[in-house]
Structure formats: C-alpha cells, structure tokens
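Residue numbers (this note's numbering): 75 to 335.
And the structure:
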C-alpha cells in the first residue's frame, strides 16, 4: 500500500459478504435452504455499498467471505473471545438460533481457514491503519455494521426496543470528540441513537489494540429495517433515502476528522 494520499479514515466492513466458496460447503450441516436463510439473518447486507467512500476520503477494507465461514470481527483465539462460549468465535459452530451450524473441524482445517481469510484480512486492515498513521500521525477507524430490528437468540442483548442507530465505543480508542460527532450527526438527521446498545465495542487491529491512542475507532450499526426487507434479504423502497442520509453523515464526519488535531 502506498502511503502517499492515505486518508485519515479507515472504514472496516467485515460482515457484508454472503459468499461461502464451494470447497467449504460440506462443512455445514444445514441444507441449502436453511443455509440461505442463515446467511440472510447473519449478513450485514449492503453495508459494503452503504459505507462505500471515494479512496481519497477513506480506505475501505472489506472481508471477502461470509462471517459464517470466518468472522474477522472476533478475536482469533477462542480463549480471548466471549462469543466463543456459545460457539461463535472466529469459526462459528452454531447458528443464530443456537442450533448446530457445521461439523466439528480439526485444528488443521481451522488453521487453514484462518490462514486463507482471517489473517490476510487483518494484515490488510493493519496496513491501512499504518499508512494513515505514517501520513497523518493518527487514524480513525469506522467499524461498519447492521443489525436486525428484533434480536436473534444468539445475541446477548434481548431487549426488543432497539434504536435506529447503535454506536459502539471502546474506552481506550474512542475519544469523546468522536463519540459526540457521530451521535450528533445521526440525531441531526432524525435518527434515534444509543451508545453500546444493543452491541458494544469497536474493532482495532491487535497490533495497536490498547497500545496506541493515536488509533481511534467507533462502530456504527444501522438497523436493517431502515433500508431492507429483513426476511428476503433485499433492498426496500426506503433504501435510497436512507443511503443518501448515511452518505451525508459519513461525508460530514470525515470532513470533521480532517480538522481534528
């Protein structure tokens, strides 16, 4: 990656892909229709389009395969990942309904998946953050997600009343100025906003995690019924209107970032 022209902002999109390569299909115990439904439930559909920004404004890092195959948002080692307790570490074993998703994998197969997808993805993200630090002496990560309007059984937060926008923060990597800017912009556009409800935290590459305050991170979670048919996994008639509002929020936010010292 060239450091010249590297923007301050890095947008991380980990859960937009629905792809499970054919060579891994036999790992999953669901039939084709069941797997299709589970992919729709668990995919942050269209976030790769909604959070897309020009390369001069943000470096956009997208995960190439479905989170059902490998989830780059989890810690690599199950001992570090709270969701591993319910079978949803970096390599999922259970579904959104807490039923069986795939066969038990050997350590060699698990390592193959991590080598092919997880580790290269995190290396790419780390390079993007490094480039921003080298050029600007700071970096702001936007961790981009969506979430269902009603909780699935696997989710830790089961309250049915969910905000339209959830902002996830990290006490070390999310400065107050960033929190206030994001919350304020969404509220100015008429959205209901909560912090760390129903999801919390924001991803930072392990190389910088809790080590470098010049790396800031904030998670933006958008409620799916704002822009899509959640059952079908397709865009709704509200998609374009929502996309325009989100683009306005992101453009303004990134412009503000460039003025922060």
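Just so you know, even glycine gets a beta-carbon here, dropped at the ideal spot from N, CA and C.
Between the C-alpha atoms of residue 96 and residue 309, what's the straight-line distance to the nearest angstrom?
For the purposes of this step, residue 96 is taken as the residue at position 22 of the chain shown. For the purposes of this step, residue 309 is taken as the residue at position 235 of the chain shown. Rounded to whole angstroms, residue 96 to residue 309 spans 26 Å at the Cα level.
Return the CA-CA distance between residue 269 and residue 259, expressed in angstroms with no decimal places.
Within the chain shown, residue 269 is the residue found at index 195, counting from 1. Within the chain shown, residue 259 is the residue found at index 185, counting from 1. A direct Cα-to-Cα measurement between residue 269 and residue 259 gives close to 14 Å.
Taking the C-alpha atoms as reference points, what is the distance between residue 264 and residue 245?
For this step, residue 264 is matched to residue 190 along the chain shown. For this step, residue 245 is matched to residue 171 along the chain shown. Going from the Cα of residue 264 to the Cα of residue 245 covers about 27 Å.
So, helix, strand or coil for residue 168, using DSSP?
Indexing the chain shown from 1 puts residue 168 at position 94. If DSSP states are grouped into helix, strand and coil, residue 168 belongs with the strands.
DSSP three-state label for residue 302, please.
Along the chain shown, read from residue 1 onward, the residue named residue 302 stands at position 228. Note: residue 302 maps to strand in three-state DSSP.
Residue 242: buried (16+ other C-beta within 10 angstroms of its C-beta) or exposed?
Mapped onto the chain shown, residue 242 falls at position 168. When all chains shown are included, residue 242 counts as buried.
Nearest-angstrom Cα distance between residue 99 and residue 118?
Locating residue 99 in the chain shown gives position 25, where the first residue counts as 1. Locating residue 118 in the chain shown gives position 44, where the first residue counts as 1. Taking the straight line from one Cα to the other gives about 20 Å.
Where does residue 345 land, buried or exposed, given buried means 16+ other C-beta within 10 angstroms?
Here the chain covers residues 75 to 335 and nothing more, so residue 345 does not appear.
Answer with buried or exposed for residue 233, where buried requires no fewer than 16 other C-beta atoms within 10 angstroms of its C-beta.
If you number the chain shown from 1, residue 233 lands on position 159. By the 10 Å Cβ count, residue 233 comes out exposed.
Which residue comes first and which comes last in the beta strand (DSSP E) that contains residue 92?
Your numbering for residue 92 matches position 18 in the chain shown. Per DSSP, residue 92 belongs to no beta strand (DSSP E) and is neither H nor E.
Based on Cα-Cα distance, which residue from 153, 131, 175 lies nearest to residue 109?
Within the chain shown, numbered from 1, the residue matching residue 109 stands at position 35. Selected option, being the one with the closest Cα: 175.
Which of the three DSSP states, helix, strand or coil, is assigned to residue 326?
Taking the chain shown and counting its residues from 1, the one referred to as residue 326 is at position 252. Helix.
Would you mind sorting residue 324 into buried or exposed? The rule is 16 or more other CB atoms within 10 Å of its CB.
For the purposes of this step, residue 324 is taken as residue 250 along the chain shown, with counting starting at 1. Buried is the call here.
With H, G and I counted as helix, E and B as strand and the rest as coil, what does DSSP make of residue 331?
Start at 1 with the first residue of the chain shown, and residue 331 comes out as number 257. Reduced to three states, the DSSP call for residue 331 is helix.
When we look at the beta-carbon of residue 333 and count the other beta-carbons within 10 Å, is it buried (16 or more) or exposed?
Counting from 1 along the chain shown, the entry for residue 333 is found at position 259. Its Cβ having fewer than 16 others within 10 Å, residue 333 is exposed.
Cα separation between residue 292 and residue 166?
Locating residue 292 in the chain shown gives position 218, where the first residue counts as 1. Locating residue 166 in the chain shown gives position 92, where the first residue counts as 1. Their backbone Cα atoms lie some 25 Å apart in a straight line.
Within 10 angstroms of the Cβ of residue 211, are there 16 or more other Cβ atoms? Answer buried if so, exposed if not.
The sequence position of residue 211 within the chain shown is 137, counting from 1. Residue 211 should be labelled exposed.
Where does residue 142 land, buried or exposed, given buried means 16+ other C-beta within 10 angstroms?
Counted from its first residue, the chain shown places residue 142 at position 68. With 16 or more other Cβ atoms from the protein chains shown falling within 10 Å of its own Cβ, residue 142 counts as buried.
Counting C-beta neighbours from all protein chains within 10 Å, is the total for residue 217 16 or more, i.e. buried, or is it exposed?
Stepping through the chain shown from its first residue, residue 217 is reached at position 143. When all chains shown are included, residue 217 counts as buried.
With a cut-off of 8 Å, do at least 3 Cβ pairs link the stretch 289 to 304 to the stretch 266 to 280?
yes
Can at least three beta-carbon pairs, one atom from the stretch 81 to 88 and one from the stretch 140 to 160, be found at a separation below 8 Å?
yes
Ignoring anything shorter than 3 residues, give me the beta strand (DSSP E) runs that lie fully in the stretch 96 to 141, in order along the chain.
132 to 136
In terms of DSSP beta bridges, what is residue 295 paired with?
As a first step, residue 295 is located in the chain shown; it is residue number 221 there, counting from the start. Answer by DSSP bridge pairing, in chain order: 219, 240.
Note the first and the last residue of the continuous beta strand (DSSP E) segment covering residue 267.
For the purposes of this step, residue 267 is taken as residue 193 along the chain shown, with counting starting at 1. That run of the beta strand (DSSP E) goes 267 to 269.
Exposed or buried, residue 121, counting other C-beta atoms within 10 Å across all chains shown (16 or more means buried)?
In the chain shown, the residue the question calls residue 121 occupies position 47. Under a 10 Å Cβ-count criterion, residue 121 is classified as buried, with 16 or more other Cβ atoms of the shown protein chains found around its own Cβ.
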